[in-house]
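**Q**
There are 2 protein chains.
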Amino acid sequence: MARQALSVEIADQLRRDILRGKLAPGAPIKERVLAEEMDVSRTPMREAIRILAKEELVLLRPARSPIVANPSFNEIADSVEVLRALELLSGELACTNATDAEIAQIRALHERIAEAYDRVDTLDLFEIDMQFHIAIAQASHNRALSDTHKAFLARLWRARYLSAKQRRSRDRVLRQHGAIVAGLEQRDPGLVKTEIAAHLEALLDNIRRYLDAGEAADLPEPAPSGMAPACATTAGERSA
Amino acid sequence: MARQALSVEIADQLRRDILRGKLAPGAPIKERVLAEEMDVSRTPMREAIRILAKEELVLLRPARSPIVANPSFNEIADSVEVLRALELLSGELACTNATDAEIAQIRALHERIAEAYDRVDTLDLFEIDMQFHIAIAQASHNRALSDTHKAFLARLWRARYLSAKQRRSRDRVLRQHGAIVAGLEQRDPGLVKTEIAAHLEALLDNIRRYLDAGEAADLPEPAPSGMAPACATTAGERSA
DNA sequence: CAACGGAAAATGGTATACCAAAATTCCGAG
DNA sequence: CTCGGAATTTTGGTATACCATTTTCCGTTG
Numbered sequence: 303m304a305r306q307a308l309s310v311e312i313a314d315q316l317r318r319d320i321l322r323g324k325l326a327p328g329a330p331i332k333e334r335v336l337a338e339e340m341d342v343s344r345t346p347m348r349e350a351i352r353i354l355a356k357e358e359l360v361l362l363r364p365a366r367s368p369i370v371a372n373p374s375f376n377e378i379a380d381s382v383e384v385l386r387a388l389e390l391l392s393g394e395l396a397c398t399n400a401t402d403a404e405i406a407q408i409r410a411l412h413e414r415i416a417e418a419y420d421r422v423d424t425l426d427l428f429e430i431d432m433q434f435h436i437a438i439a440q441a442s443h444n445r446a447l448s449d450t451h452k453a454f455l456a457r458l459w460r461a462r463y464l465s466a467k468q469r470r471s472r473d474r475v476l477r478q479h480g481a482i483v484a485g486l487e488q489r490d491p492g493l494v495k496t497e498i499a500a501h502l503e504a505l506l507d508n509i510r511r512y513l514d515a516g517e518a519a520d521l522p523e524p525a526p527s528g529m530a531p532a533c534a535t536t537a538g539e540r541s542a
Numbered sequence: 303m304a305r306q307a308l309s310v311e312i313a314d315q316l317r318r319d320i321l322r323g324k325l326a327p328g329a330p331i332k333e334r335v336l337a338e339e340m341d342v343s344r345t346p347m348r349e350a351i352r353i354l355a356k357e358e359l360v361l362l363r364p365a366r367s368p369i370v371a372n373p374s375f376n377e378i379a380d381s382v383e384v385l386r387a388l389e390l391l392s393g394e395l396a397c398t399n400a401t402d403a404e405i406a407q408i409r410a411l412h413e414r415i416a417e418a419y420d421r422v423d424t425l426d427l428f429e430i431d432m433q434f435h436i437a438i439a440q441a442s443h444n445r446a447l448s449d450t451h452k453a454f455l456a457r458l459w460r461a462r463y464l465s466a467k468q469r470r471s472r473d474r475v476l477r478q479h480g481a482i483v484a485g486l487e488q489r490d491p492g493l494v495k496t497e498i499a500a501h502l503e504a505l506l507d508n509i510r511r512y513l514d515a516g517e518a519a520d521l522p523e524p525a526p527s528g529m530a531p532a533c534a535t536t537a538g539e540r541s542a
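First to last, the sequence lines map onto chains S and E. Under our numbering, read the first sequence as residues 303 to 542, first letter to last. Under our numbering, read the second sequence as residues 303 to 542, first letter to last.
(1) Return the residue from the list Glu394/E, Pro327/E, Leu486/E that minimises the CA-CA distance to Asn372/E.
(2) Can you give me the Cβ contacts of Thr450/E inside the same chain, cut-off strictly under 7 Å, excluding the 5 residues immediately before and after it?
(3) Judging by CA-CA distance, which residue of Glu394/S, Ala453/S, Gln440/S is the nearest neighbour of Gln407/S?
(4) Considering only residues of the stretch 345-433 of chain E, which uninterrupted alpha helix (DSSP H) runs meet the minimum length of 4 residues and lie entirely inside it, listed in chain order?
(5) Can you find the residues in the same chain that come closer than 8 Å, C-beta to C-beta, to Thr424/S, ignoring five residues on each side of it along the sequence?
(6) For Ala441/E, return the contacting residues in chain S, with the cut-off set at a CB-CB distance below 7 Å.
(7) For my contact list, Ala437/E and Leu411/E are in at a C-beta cut-off of 8 Å; report their separation, rounded to the angstrom.
(8) Could you name the residues that DSSP lists as bridge partners for Pro330/E?
(9) Quick one: Cα of Asp473/E to Cα of Arg457/E, how far?
(10) Roughly how many angstroms separate the alpha carbons of Asp520/S and Tyr512/S, rounded to a whole number?
(11) Under 7 Å Cβ to Cβ from Leu316/S, same chain only, skipping five residues before and after it: list those, please.
(12) Does any C-beta atom of chain E lie closer than 9 Å to the C-beta of Leu417/S?
(13) Rounded to a whole number of angstroms, what is the C-alpha to C-alpha distance between Arg489/E and Asp426/E?
(14) Could you give the distance in angstroms between the alpha-carbon of Val494/S and the alpha-carbon of Phe434/S?
(15) Strictly under 9 Å for the Cβ-Cβ distance: is Leu476/E near chain S by that measure?
(16) Kindly indicate which three-state DSSP category Lys467/E falls into: helix, strand or coil?
(17) Around the C-beta of Ser367/E, are 16 or more other C-beta atoms found within 10 angstroms, so that it is buried, or is it exposed?
(18) Identify each residue in the stretch 421-453 of chain S for which the Cβ-Cβ distance to at least one residue of chain E is less than 7 Å, and report them in chain order.
(19) May I ask you to verify whether the stretch 374-385 of chain S touches the stretch 330-347 of chain S, counting CB pairs closer than 8 Å and requiring at least 3?
(20) May I ask you to list, following chain order, the residues of the stretch 337-360 of chain S that have a beta carbon less than 9 Å from some beta carbon of chain E?
(21) I want to see whether chain S comes within less than 9 Å of Arg457/E, judged by CB atoms only; does it?
(22) Where does Ser309/E sit, in a helix, a strand or coil, going by DSSP?
(23) What residues from chain E crowd round Ser381/S, counting only those whose CB sits closer than 8 Å?
(24) If you compare alpha carbons, which of Leu395/E, Glu383/E, Glu429/E is closest to Ala504/E?
(25) How about Lys332/E: is its C-beta nearer than 9 Å to some C-beta of chain S?
(26) Please classify Glu429/S as buried or exposed, where buried requires at least 16 neighbouring CB atoms within 10 angstroms.
(27) Do you know how far the Cα of Lys452/E is from the Cα of Asn399/E?
(28) Where Ser309/S and Thr345/S are concerned, what is the direct C-alpha to C-alpha distance, given to the nearest angstrom?
(29) Of all Cβ atoms in chain S, is any one closer than 9 Å to the Cβ of Glu404/E?
(30) Can you say whether Gly492/E is buried or exposed, counting buried as having 16 or more other CB atoms within 10 angstroms of its CB?
(31) Closer than 9 Å, CB to CB, is Leu388/E near chain S or not?
(32) Taking CB distances under 9 Å as the criterion, tell me whether Leu506/E reaches chain S.
(33) So, with DSSP's three-state summary, where would you put Val483/S?
(34) Could you give the residue range of the alpha helix (DSSP H) that holds Ala441/S?
(35) Quick one: Cα of Ala481/E to Cα of Glu487/E, how far?
(36) Counting only Cβ pairs nearer than 8 Å, list the residues of chain S close to Leu391/E.
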């Protein structure tokens with residue numbers, strides 16, 4: 303028996319396509335078409351779509367094609383607010399529960415980010431950044447917390463990725479990461495929480511700036527109603 | 303087109319069965335058998351199981367029957383800790399964002415609980431209690447928050463239900479609910495947060511007490527139908 | 001008698017066929 | 001030329017059949 307792989311694999315692929323922009327926000331997800339393209343049957347494709355729906359990367363509409371989520375800034379801000387609460391709790395718990403080895407690993411990730419910052423592709427850098435934040439959540443030794451935190455990170459993946467792509471805050475990011483690590487090493491919840499809050503505040507600022515710029519420059523391509531043809535276009539681009 | 307109903311309906315039914323104890327913690331969920339029993343095909347049954355898995359009411363195991371979740375006290379405590387963070391944020395935001403009408407509705411629910419406390423079935427009372435807490439989260443006007451909060455409430459449904467069934471804390475519950483409502487009416491985040499924290503602290507105490515008593519009295523009743531050996535085995539592994 | 005091995009049954013994952021509702025298209029009336 | 005409605009097409013939901021792996025249990029063997 304294939305170890306529960308196919309639908310998960312499909313979900314991973316779809317997620318990548320969404321984040322890379324191959325499937326634009328607002329574009330419909332036609333399970334039949336995508337299943338054909340990926341050469342799988344509709345059943346695992348359906349499951350994959352459900353997985354992404356649970357991550358809020360796609361929106362399920364009753365009796366309609368699911369569409370790629372296209373959250374407004376306010377919706378993103380709401381998610382960031384929840385993420386902040388989760389990360390603050392993570393930081394606090396990690397100060398108590400993390401092992402020295404875990405903290406050392408978090409520092410290692412921080413240094414890996416610093417070392418790679420100007421060297422690697424944004425997406426790769428972004429992956430390491432995700433690991434950094436996930437590692438902190440896991441250091442809380444609270445599975446419910448780290449899982450939920452991970453889910454929100456996934457949900458905000460696109461927004462965070464677009465923010466990271468700007469690369470306008472190298473120094474700030476590294477400084478804040480460093481401060482968080484230092485706070486963990488000193489087991490100082492206050493310090494950790496302060497820095498995490500500042501970090502997320504800056505993230506939100508970055509996203510706001512990007513969306514403002516994007517609106518002016520037609521970046522977020524709203525695709526509200528007239529995207530029926532856009533659908534075909536996007537689907538066509540997909541195979542390219 | 304059936305409005306995406308069947309799998310959701312099945313999920314609701316399964317959830318009820320789980321919470322009512324018809325499907326004991328640790329019992330395997332055989333999609334074929336259950337589909338037969340409910341007279342539906344395996345496809346929507348599968349989806350229903352995934353829905354419940356996402357709520358962490360059932361555990362998906364690779365290449366094995368899913369089983370009804372049987373969280374340890376520590377796992378429940380972890381979830382409650384996250385729930386607390388979510389409810390604290392909800393309360394704080396609700397003080398700023400809630401409309402007067404929403405707060406009035408929350409008060410109405412509180413009074414309905416007080417009125418019904420000694421009159422109705424535990425499960426019914428519990429439903430109203432859920433509505434009360436959900437209403438507060440929704441009053442935050444943060445969809446990501448209220449949705450996540452709702453998910454955790456669902457995840458903790460069984461533990462909270464078992465706690466509520468004891469009915470040992472009528473006065474405390476009503477007093478705390480009243481204080482939360484008062485805090486909202488005064489738009490006093492400090493008061494609201496204090497009371498919510500106390501409320502959840504008490505919940506956790508209640509759950510701990512129940513589980514302690516249950517362990518002594520063999521409460522986690524083994525599976526009713528013929529899957530006794532598998533149930534015992536799995537449950538044993540789980541807690542280990 | 002216990003331990004091991006293999007055949008058979010059971011089970012979850014996948015593919016496909018069918019159905020009903022919704023969206024779209026197309027034709028005819030005004 | 002426009003508008004309305006019916007037929008067609010499209011699409012998601014459901015049922016069922018098939019496959020691969022896992023589990024179970026019995027017979028063999030040391």
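Cβ coordinates follow ideal geometry from the N, Cα and C atoms, glycine included.
**A** In short, the structure shows the following:
(1) Pro327/E
(2) Leu388
(3) Gln440/S
(4) 375-399, 402-418
(5) Tyr463, Ala466, Lys467, Arg469
(6) Neighbours of Ala441/E on chain S: none; closest Cβ ~14 Å, over 7 Å.
(7) 6 Å
(8) Ile369/E
(9) 25 Å
(10) Note that Asp520/S scores 47 on pLDDT, short of 50, meaning its location in the model is unreliable and no value can be drawn from it.
(11) Ala350, Leu354
(12) Correcting the residue type first, residue 417/S is Glu in the shown sequence and not Leu. Answer no: the Cβ-Cβ gap between Glu417/S and chain E never drops below 9 Å.
(13) 30 Å
(14) 14 Å
(15) no
(16) helix
(17) buried
(18) Asn444, Arg445, Ala446, Leu447, Thr450
(19) no
(20) Thr345, Arg348, Glu349, Arg352, Ile353, Lys356, Glu358
(21) yes
(22) helix
(23) Ala446
(24) Glu383/E
(25) no
(26) exposed
(27) 18 Å
(28) 8 Å
(29) no
(30) exposed
(31) yes
(32) no
(33) helix
(34) No alpha helix (DSSP H) holds Ala441/S; DSSP gives it neither H nor E.
(35) 10 Å
(36) Glu383, Val384, Ala387
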